[in-house]
Structures are given as structure tokens and as C-alpha cells.
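There are 2 protein chains.
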Amino acid sequence: MTVIRDYVSAHRDRLLADLDAWLRIPSVSADPERAGDVRASAEWAAAALRRTGFGTVEVWETDGGHPAVYAERIVSLGLPTVVVYGHHDVQPVDPVELWDTPPFEPTIRGDDLYARGAVDDKGQVLFHLLGLEAALAAYGELGVNLKVLVEGEEEIGSPNFAALLRRERERLRCDVVVVSDTGIFDKDTPSVCVGMRGLVYCDVDLYGPATDLHSGMFGGGVPNPATEIARLCAQLHDADNKVTLPSFYDRVVPLTDRERELMAELPFDEAAWLRDAASTATWGEAGYTTLERIGARPTAEVNGIWGGYTGPGRKTIVPSEAHAKISFRLVADQDPAEVEEQFRSWLADRVPVGLRHEVTFSGGVRPCLTPLDHPAVQAVTRAMEQAFGGRILYTREGGSGPEADLAEVLEAPVVFLGVGLPDDRIHAPNEKVNLPNLLRGAEAAAYLWHELAQALPTPTA
Amino acid sequence: MTVIRDYVSAHRDRLLADLDAWLRIPSVSADPERAGDVRASAEWAAAALRRTGFGTVEVWETDGGHPAVYAERIVSLGLPTVVVYGHHDVQPVDPVELWDTPPFEPTIRGDDLYARGAVDDKGQVLFHLLGLEAALAAYGELGVNLKVLVEGEEEIGSPNFAALLRRERERLRCDVVVVSDTGIFDKDTPSVCVGMRGLVYCDVDLYGPATDLHSGMFGGGVPNPATEIARLCAQLHDADNKVTLPSFYDRVVPLTDRERELMAELPFDEAAWLRDAASTATWGEAGYTTLERIGARPTAEVNGIWGGYTGPGRKTIVPSEAHAKISFRLVADQDPAEVEEQFRSWLADRVPVGLRHEVTFSGGVRPCLTPLDHPAVQAVTRAMEQAFGGRILYTREGGSGPEADLAEVLEAPVVFLGVGLPDDRIHAPNEKVNLPNLLRGAEAAAYLWHELAQALPTPTA
């Protein structure tokens, strides 16, 4: 379909001009002082969607949070309906001094455009608009109805997103969700993500003596919360680095042989990955490769630990209290609420006499996974094949996002169309988007509506 | 000897006036801005020692630290010589808002005098001056030569004390050291301390990835320093809460049956002790009582632990580094340098591949112990019996001080004459000294020179 490639290529400058304008709006959702900018970003997106021919475009308020943008383009109620998900808020820019050019002054160097939000996620929302125009140019009309939902709170954990989905469930009714907020394996290995991990996150607080005690007078005679928080964190994994919570693995969907084979085909350069991690050794659950460990297996992590004296020099105390931030990455079909209960009971079994403990969970995220043989995954695969021109492999994202809420509330499978690269430095200084990839994303989006129209069953009216 | 009791009683007001004047000098050695006050405190002590008739009184500079005071009163080179040790610096006063009366405005309420340093240690230095006068009034002359050394850096770990002792070893030559910086078991149970624990203190730093990593992208695939610092701290003790360092217990002098019997006679109220500790359960090495654990057995404590994100809310990271402050209380005859080596090798055996570690030790303290049947311990016991009028039991101090340096450098046994009470709140707000006890301390000091003269062999000139 050279018409799609040609159309995208011919309209490259308009895409870049739009991207430049949108990226100049510093829509940092984490910064209360930027709330006006997040709103301006939503308004900008709404105007862009209107220009692209969406019949209905609305700015959706959330319950006290940042607004989302909704747009819909209904061709026929007899056609399948797709929800496209992206987000218009961006990460903070600190440490700003590490940016080579200002984060909100988009700058092109070589094939890359540098700015906060370039690939995460404004670039990946915008390629859909060009893709839609290219599809219309190529096919005349789409074989699907499109609904676009651009969230404004993804970078702060989507605190109001599930509620928004539930409120607008009827408007968002669809047959499949296409998430464009991920990437491909590397620039030479186009791939389709098929799942993301879920998350359970909590604060564990251990309280011992009511005040710090002199370790000479009391040390060795009373339980020490700093020692005990360490013992708890140390017990999270067994000798095989498996998580020790009872029933933790019961619902885990095992990797199929086919998935393991395909995953093994990914040209994973462990040495390079370790360099990216600035780490000198791999670690993890026995019996799994690194790629499997970080994408397809659940984990427990100590994200923070503290207690007692942490300043310079020495203070000989038995601390009064100690704390840890502990999180679990989940994979399908683990349930955050169940894992919370497992951890509650695991903790209660282990906190020794003489210490009091509290555990506070903050908003679990469900894992999501769409099987390789699902028609929608196959449709994305074909769209990517046509845009990138090579064999498409499959990946899993180790992170956690609102995708599972989409799957659960909208009762639709989630597929991923994303073109980010591993070196795009999302969340870090000098975030960038690779422009040739961005254009291929627009092409893939153009092909996708056609492929999905063929793959999905016609809805019963 | 009613003459001693009467003398002490008759001069109570002068002791209180001296104490009031000295306690008003805020000689906080930890606070660089108080360096002038620490010096003023040394000068005050020197003047007081001169008034009491010491022939030689000198302010001794330390190598860049706070000054000590030295005084000597030689009766005859043919008599035994005693070094009396105390200190004139005091702990910081924070949190100052918890003091009922200002820490440097000594206030008498009931039988107690409240001020920072009241019992730790200015009160216990001053009772010696009155004791000396009382002894002279009772016996005409002492049967020993007295050397008094009042340190100015005890509350900051005596960083220059060992060097000072080595420099002045000849001047300080003696047959026994009397340390007055401890207490009795409780107000109804006069006792003599026979040992103090030593200390090894270190910072352990664990370094993993060069930066904090996204736990979704890297979690479960690289070693996590926060998890590993926890695993290390958790391995410090075995299931019996014994310290796991190889050879850690090899040099420990076991408690004799007699010592365990006498210790068991102490009216130790574990429930009350737990209330003081504001703790709800005891803990410790299997096979030992709480009193044995905190006085006569070595321990390992996590004094502080930290790594990763410790702020509000959540941050899903694999931290780049994690740290712990770990200390060991030692008992005779453990050697701090040996324990340091044991811990170095223990750590090196346990830090996993992929992490780099550093361990930094800060000034070990030797433990000290003088056997119950030592003539000097028996002399202190008799002096205490006469002053307190009851049976004298024996205790061990769980804390660590410069006493072991005195024993090692001066090659003399160390005995303890102290009258502090467990509720004197040393190092805490509302530190106090019990005035009847302080006067009994002066009496005991008066008796002690006579008892020591009888107990110690006449030195060969």
C-alpha cells in the first residue's frame, strides 16, 4: 500500500508541527502548579481531534483530577468499534540540568525529536491522527468505528481513571482497545506487546519500643524493628528467588512453549541490557530467562527501606520503628486484591511478638494479557508487518498501567500498537522519539483499522 | 565511721553549690559551637581540684579535640596509686522542649537535682572532691596517691582519649583505675559494676545499579540493594538469636556459675524494665536471662537501615544503593579489631554478585571485666557496704566507654564506683541525680581510699 506510505510521508511536516505545538505545553500532571497546562494540553488535543474530523469531541472532567479528552467517529453501528487509548500528561523533568536542550522546546537532532512527552505519549497519540487520514485516503472509509480516549493522569498512576471508565462505560462500549503507549523491542526488531504486569504496592510500618533506646542498655534484650524489617524483607524470596507469599503463583498463567520460543527469538542482548540497567549481574527467579523474569513473571521488590539513625557518624540505638515500601509486579491472572490479602496474612504470620505492624496498600493495578492467537493480536501483527516490513515478534511490558482497567471495565481485549524504542529515555532527561519510527506508527495505525475490520466479528446490533 | 557521714552531710550545701555552678556550663562536646563551653568546663574543674588541695592540676589538650583535666595528689611514692576517671562533657539536650526545666539551669525538686550532666558525669566527679575531704577529716591522710583524670570527649566516643593515655602513660602510672560514670542496680539495691561491654560500629554501603531503575522494566531481573541489605541484616542472627560471625564467641569469657547466681539475686523486675524500654516483649540470645543478655553477652544490632524511596506515596524503583549502620556490643575478652575482621569476611562471603559493598568502621571500644574476687573489686564492695549499709551485689554495664582503654594502656585493673540510678534519664530530657545517692557516693569515695590502701599490695619502688 504505497498510498499509505506516501500519504504519511507527504504529511510528515504537519505531524511535526502539531507535535511541536503540543510538546510545548508542559502538561506535568504530578505538579499542582501545572494543572492549567494539563488542561491546556487537553484542549489542544480536543482541537486537533476536531480538525481530524471526529464528529464528537469532549473534554471529560475527572473527579477532582486532570481532564481527559474523548473523541468519537462512528461510521456505522453495524461495524466493530475500537477504543484507542493514550495520554496527554507527561512526567516531571527533574533533573532539568541534565537535559541537553530544554524539555519543553522540542528540538530535532538527526532522526530524533527531543522533548518531554515526545514518545510518552504525545507522539504516539498524534501518529493516530495522521494514520486515520492516511487510512481514509487509502480505503475511502474505515471498517470500524473509532473512539479515542486521551487520559491526563497516567503519569501519576491514573487515580481517577477507573472511575471515569465506569462512569462512561456506555459511551466507551467497544470490541477491542488499542493502547498506544508502549514500544517495539528495538529499532531492528518490530514487535507487538501482548501484556503488561499488574502492581500491588504497600507501606509496611513496624513499631517496637516507644522511643529509640540506648543499644548498650537495651540492645540484645528487646526486639529491634530495624532488624525485624530486614528479616521480613529478606523472607520475601526463597532460595530460588521465588516470592514466598502463600498461593502467590496459583493464578499465574504459565508461559506456553510457543511464547517461550518466540520470546527466545528476540535478539535480547543481556550485556547491553545490563549496561542500560547500569548493573553488573542479572538476578531473579530460578528457571526463567531475564526477558521472562521482567515481563512474564511476577516479582516482589523492596522499593524503599528505612529505620533508625541514618545520618553521618554513629548513634548506638535500638530504633523505635522501621519501615519498608514493598511492591509486587503481577502477571495474568493474578488479582491485586488477592495478593494484598496474601501479603497481609504472610506479614501477620511473621511479625514477632513485641512489635506492632501496619500495612497500607495504595491502589492495585491488574495485569493484562491477550493471547497470541487472539484475532486482534493477529490484526495488530499484520498492521505492524506492513508498516515495518519484517517479521513481528511478541513482547511483554514489565510495567503497570491503566490498561487492565480498560480490559476489565470495558470487557474488551486490549492490544498494543506502540513504536517507542528502548533508548527513548522515557521518564528521564533527554526523552526523544525516533521520527522514522513515528511515521511507521502512523502507517501501522492506518493499516490497523482495515485489519481489525477483517479480523473482528461483526457485532450483533 | 560517723565522722565521714557527718562530714559529708555538713558540707552538702557546698557540694550542691559547686554542682550548680558546673552544671550551668553547657559543655556539649558534640556541638562545635559549644567548644568554648567545654573548655570553660575544664577550667572550672581544674579550679575546683586546686581548691580541694591537689598539688598538681593541669588542663591537658588533646589532638584537636576538647581538653581533659588532670590533677594529682601524691602522698608517698611507697603507697599504691589510684587513677580516678570521670568526664566533664555532656550529651546534647535535644529535644529541649521535653525538659520540664531548662537543662542548664539546675533545679531541685524533692530529692532530685535536674540538669544535663547532673549524674552523667559532673555529679559523680564532684562527689570525689567531697569524699576526699571527708577521708582526710576521718583518717588524717590517705593511704594512696590519687590521680584524677576528667575527660572532655566521653559523650562523642572519646576519639582522642586512647592517644592521650598513651602520651601521658608515665604520668598516669597507677595500680588501679576507679571509674565513676556508672550506677547502682536500683535505689534499694546498691551494687558494684564489674564490667562494661565493648563496641564495634560500622557503616555498610551496598551499591547496585548506577541509578535507581524502573521496577517495571528491571524489577525481578537485577539484584536489588534494598532487598540485599535486608538479607544481610537478617543474617546477623541465627534462629537462636546468636550472632553468626565466624569465631565471634571464641574469646567470650563465660559467665561463672557464681556470677550467674549473684546476677540472679538482683531484684530484676522484667516487667518494669520492659516499661522503661517502652517495649512489649523481651528478645535475645537463647539460653540467657535478660540481665545476662544486656550485660554479659555480646550482641549485634541494626542501628539504622535505609535505601530507596522513603518519602510519601509510591515510587516503583529498584534502588541504586542501600545502607545500614550495624554495631556489635562485645564482652571480655573479645577484641574489636578481630571482630572487625570477622565482619569484613562475613560480609564478603554474603554480598551477592552484582553488588559492590564498602564497610567503614568507626573506632572500636574494648570490653572490660574485673573478676569478682579481685582485691580492688572487694575494696569497692566494702566501701559501698559502709556507705549504703547493705549487701552489695554485682552488675555489668551494657554500654561501652573508654574504660577498656584505661585498663589496656595503663595496664591496671578497672573498678567502678558509681551511684547513678536506672531512672536518672542519662542522655534523655530531664536528666537528674538523686541527692541522697550523691552524698552516699561521697561517703563511699571517702571509704574507698582506705579500703584500697589495705587491699592493694605496696608497690615495689
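Protein chains in written order, with the numbering used here: chain S, 6 to 466; chain L, 6 to 466. Yeah, the Cβ is synthetic: ideal placement off N, Cα and C, and Gly gets one too.
Which listed residue (the options) has its alpha carbon closest to that of residue i
i	options	result
residue 91 of chain S	S:463, S:112, S:133, S:115	S:133
residue 324 of chain S	S:295, S:59, S:196, S:223	S:223
residue 333 of chain S	S:357, S:238, S:422	S:238
residue 44 of chain S	S:67, S:262, S:76, S:55	S:67
residue 432 of chain L	S:399, S:305, S:218	S:218
residue 150 of chain L	L:65, L:233, L:428, L:58	L:58
residue 178 of chain L	L:411, L:437, L:444, L:462	L:411
residue 73 of chain L	L:60, L:51, L:86, L:81	L:51
residue 423 of chain S	S:393, S:415, S:416	S:393
Within-9 Å CB hit, residue i to chain S
i	result
residue 71 of chain L	no
residue 310 of chain L	yes
residue 214 of chain L	yes
residue 260 of chain L	no
residue 265 of chain L	no
residue 320 of chain L	yes
residue 402 of chain L	yes
residue 285 of chain L	yes
residue 326 of chain L	no
residue 121 of chain L	no
residue 187 of chain L	no
First and last residue of the uninterrupted alpha helix (DSSP H) at residue i
i	result
residue 27 of chain S	17-28
residue 144 of chain S	128-144
residue 281 of chain L	275-282
residue 46 of chain S	40-56
residue 414 of chain L	408-415
residue 295 of chain L	295-300
residue 74 of chain L	Per DSSP, residue 74 of chain L belongs to no alpha helix (DSSP H); it is in the beta strand (DSSP E), 73-78.
residue 156 of chain S	First-last for residue 156 of chain S: 150-156, but that is the beta strand (DSSP E), not the alpha helix (DSSP H).
residue 174 of chain S	From DSSP, residue 174 of chain S is part of no alpha helix (DSSP H); its letter is neither H nor E.
residue 503 of chain S	One cannot answer for residue 503 of chain S here, as it falls past the ends of chain S, which runs 6 to 466.
Neighbour flag for residue i against chain L, beta carbons, 9 Å
i	result
residue 104 of chain S	no
residue 288 of chain S	yes
residue 64 of chain S	no
residue 313 of chain S	yes
residue 249 of chain S	no
residue 430 of chain S	no
residue 241 of chain S	yes
Bounding residues of the beta strand (DSSP E) (the contiguous stretch that carries residue i)
i	result
residue 196 of chain L	196-201
residue 371 of chain S	Premise fails: residue 371 of chain S is in no beta strand (DSSP E) and is neither H nor E.
residue 439 of chain S	437-439
residue 118 of chain L	117-119
residue 386 of chain S	Element bounds for residue 386 of chain S: not the beta strand (DSSP E) but the alpha helix (DSSP H), 380-393.
residue 189 of chain L	Neither: residue 189 of chain L is in no beta strand (DSSP E) and is coded neither H nor E.
residue 333 of chain L	326-335
residue 114 of chain S	112-114
For residue i, three-class secondary structure by DSSP
i	result
residue 314 of chain L	coil
residue 423 of chain S	coil
residue 309 of chain L	strand
residue 219 of chain S	strand
residue 67 of chain S	coil
residue 400 of chain L	strand
residue 442 of chain L	helix
residue 88 of chain L	strand
residue 93 of chain S	coil
residue 210 of chain L	strand
residue 432 of chain S	coil
residue 7 of chain L	helix
Any non-hydrogen atom of the ligand ADP within 8 Å of residue i CB
i	result
residue 20 of chain L	With respect to the ligand ADP, the structure shown offers nothing to examine, as it has no ligands at all.
Give me the subset of the segment 25-40 of chain S whose CB atoms are less than 7 Å from a CB atom of chain C, sorted by chain position. Among the protein chains of the structure shown, namely S and L, there is no chain C.
Within 9 Å of chain L by C-beta, residues of the segment 165-184 of chain S in sequence order: none
Taking Cβ-Cβ distances below 9 Å as the criterion, which residues of the segment 347-374 of chain S are in contact with chain L? 357, 358, 359, 360, 361, 367, 368
Residues of the segment 214-238 of chain S with Cβ closer than 8 Å to any Cβ of chain L, in chain order: 214, 215, 216, 218, 219, 220, 221, 222, 223, 224, 225, 226, 227, 228, 229, 231, 232, 234, 235, 236, 237, 238
In the segment 330-345 of chain S, which residues sit with their C-beta less than 8 Å from some C-beta in chain L, listed in chain order? 330, 332, 334
What residues in the segment 298-309 of chain L have a beta carbon less than 7 Å from any beta carbon of chain S? 298, 299, 302, 304, 306, 307, 308, 309
Can you give me, in chain order, the residues of the segment 394-420 of chain L that have a beta carbon less than 8 Å from any beta carbon in chain S? 402, 403, 404, 405
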